[in-house]
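Just so we're on the same page, this note's numbering is the position in the sequence shown counted from 1, plus 441.
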Amino acid sequence: MATNSRIEWTEATWNPVAGCSIVSPGCTHCYAMRMAERLDLMGQGKYRDLTRRSGGRPKWNGKIRLDDNALAIPYSWKTGRMIFVNSMSDLFHEDVPVDFVSKVFAVMKDCPQHTFQVLTKRSDRLRVIANSLEWSANIWMGVSVENADYKHRIDDLRATPAITKFLSLEPLIGDVGVLDLFNIDWAIAGGESGPGARPMEPAWVRSIRDQCVKANVAFHFKQWGGVNKKRAGRVLDGRTWDQFPISVAA
C-alpha cells in the first residue's frame, strides 16, 4: 500500500514488506503497530495477523510478509516524489531475505525520478549486507537513534556506500549527548506521540540542533509530540526547522 503521507519529511510511503518485531526501546509505542492492527480489522490481507494484543495494546508478533506486487508501485508514479520506504516494517529485518532486499534496491535504482528514504534500527544487518546491494544516488539511507545507547548505529551507517546518509532521532526518549556527524547529511529529531508518549526534554533537541548547525548538517524538527502532537506543534525557539540535504534543498 502506498499513500500520500502526513509525515513532515516525506511525500509518500511504499511498503513492500509488512510486519516487524520490537528491537529497542524506540519501538515500544510504534505507530505502525497500531496502524497494522487497524488495517487488519479493515480486512486488508497484507496486515492480517501481524500483531497481538498485550497490555491492552497491539504489538508486533514477529511475522513478516513480503509483498511482491508492491514492487511495481514506484514505476506507476511518473512525477518524482520523496518516498519513505517501509513505514510499516524494517527492510533490514533479519527475516527479510537478502534477495528480496536486493529486489527493492533494484526498483529504487530503476526509478531515478524518485528519492527513496530507507530507515532502519537494524544497522548491524545493514552493515553486513550493504556492499552486496546496488546503491544509487536517489537512495538515502538512515538509522534510528532514540537515545545515547544506540549511537553505534551511526558508525554502521557511515560504513555503507549510501551517498546521502541521515539520522532519525525520533522518538527522542533520552539525551544522545555528543554526536559524531562526520559524513552525515541530515538529522531529523522529534518527540514521541500518541497514547503513553514518553516526554522529551527541550535541551535534548537544542543540543542536536546546535551540533547540526556547527557541523553544517541539515536539521529537521518534526514535532514536540505528546498525546496531542498537533497542539504541541513543532516550533523550536521561535521558528520551524525544515531543512533537507543540499541535494534537494537547492
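Here a beta-carbon is modelled for each residue, glycine too, at the ideal position from N, C-alpha and C. Given the structure is predicted, the values throughout are model-derived calculations rather than measurements.
Per the Cβ contact rule, the segment 544-564 is in contact with the segment 506-523 (3 or more Cβ pairs under 8 Å). Between the segment 561-570 and the segment 500-507, the count of C-beta pairs closer than 8 Å stays below three; the two stretches do not touch. The beta-carbon separation of T601 and M582, rounded to 6 Å, stays under the 8 Å limit for a contact. Each residue's CA atom was taken as its position, placing G486 and K500 some 18 Å apart. The way I'd put it, the segment 664-683 does touch the segment 624-635; three or more beta-carbon pairs between them come closer than 8 Å. In this structure, C461 and H534 form a Cβ contact; the two beta carbons are roughly 6 Å apart against a cut-off of 8 Å. L613 is positioned such that its CB atom lies no closer than 8 Å to that of V584. For I514, the enclosing alpha helix (DSSP H) has its first and last residue at 514-517.
Every beta strand (DSSP E) of 3 residues or more that sits fully in the segment 571-639 is shown, in chain order, as 580-585, 605-610, 627-631. Around the Cβ of T454, a 10 Å sphere holds 16 or more other Cβ atoms; the residue is buried. Closest in C-alpha terms to A578, from the list T605, P457, E478, comes T605. In the DSSP assignment, R479 forms no beta bridge with any residue. Residues of the same chain with a CB within less than 6 Å of the CB of A511, apart from the 5 flanking positions on each side, are P457 in chain order. Linking S446 to V526 through their CA atoms gives a straight-line distance of about 12 Å. M483 is positioned such that its CB atom lies no closer than 8 Å to that of M529. With contacts defined by Cβ atoms closer than 8 Å, I595 and V586 form a contacting pair.
Within the DSSP bridge table, the entry for M523 names T556 as partners. Sequence-distant Cβ neighbours of S573 in its own chain, meaning closer than 8 Å and more than five residues away, are V539, S543. Taking 8 Å as the upper bound for CB-CB distance, L622 and C653 are in contact here, some 7 Å apart.
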